[in-house]
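Numbering (this note's numbering), first residue to last: 13 to 305. Even for Gly, the Cβ is constructed at its ideal location relative to N, Cα and C.
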């Protein structure tokens, strides 16, 4: 689907239940219009990965995801040869001859996300998720791929993109990315949403949640983020918590229900213990005060 303006893209993202701010919608639109990768950075849980997924749905494009991790290499990111199938083919043809060209043809190639995206004929959104977790060597290789949108396979030659994919990279900033990669990309920092926007997100993502509960839950999470926590909750945790409270039949929050459901919000033992040592009641009271008309 061709989205010819920022407004059209923003509306299309809302139609697939993603609420971007104007800056994010603009960055995603420019990434598609200029055929440039876009790097989305921000704290964990603010919606970076979901932005790429929503973009693919809004454009009616296929999503191809490369999840990065330490030790990621070409065999897992680009391609590798199906050695088992090659061996079986050799055994099946023992009485005849098997040429190298036959063994290293497309039928024996295992296509990983980067090659799949570069060689696609249809519209594709390539999500390179958590690029900061990959090694610097892979980051340098990715820079080369994004510069030319082509991949060379020695046995087959160079495969060039007939239709450039829309490329979205995400980073939680566990390490600093190289300047060369940043210069290749558009950039947008995704921050935690305002209270009003977070309430809107909760109501959109949690069917059946009450207006009061959505406001109180979002207000409490905002108070948590302002606290000195090792791992503050993201928007994803707000949604999870609102879902849990709705399943429990709650229409409002209090200290007791917050204490029993903290596992939906906080995933670090020290953070949970810190709140249970006298800070919880104050945070709940502050959230209820913010949510009061």
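Contact between the region 163 to 179 and the region 16 to 31 is absent: fewer than 3 CB-CB pairs across the two stretches fall below 8 Å.
Beyond the five residues adjoining it in sequence on each side, residue 68 comes within less than 6 Å, by CB distance, of 75 and 137 in the same chain, given in chain order. Per DSSP, residue 76 is one residue of the beta strand (DSSP E) stretching across 74 to 79. Each of 133, 97 and 129 was checked against the Cα of residue 119, and the nearest Cα belongs to 97. Unbroken alpha helix (DSSP H) runs of no fewer than 4 residues, entirely contained in the region 215 to 282, are found at 223 to 237, 247 to 259 and 267 to 272, following chain order.
By the CB criterion at 8 Å, residue 127 and residue 91 fall inside the cutoff. With respect to the 8 Å criterion, residue 35 and residue 200 are classified as neighbours on the basis of their beta carbons. When the alpha-carbon of residue 122 is set against those of 231, 87, 135 and 154, the nearest one is in 87. Between the region 207 to 216 and the region 236 to 246 there are fewer than three C-beta pairs closer than 8 Å, too few to call the two in contact. Assigned with DSSP and collapsed to three states, residue 135 falls in coil, not helix or strand.
For a cut-off of 8 Å, the C-beta gap from residue 51 to residue 181 is around 5 Å, short enough to register as a contact. Residue environment for residue 186: exposed (fewer than 16 other C-beta atoms within 10 angstroms of its C-beta). Sequence-distant Cβ neighbours of residue 162 in its own chain, meaning closer than 6 Å and more than five residues away, are 170 and 172. Taking the C-beta atoms as reference points, residue 230 is found nearer than 8 Å to residue 207.
For residue 179, the uninterrupted beta strand (DSSP E) run begins and ends at 178 to 183, by DSSP. The Cβ-Cβ distance between residue 254 and residue 292 does not fall below 8 Å. Straight across, the Cα-Cα distance linking residue 296 with residue 219 is about 24 Å.
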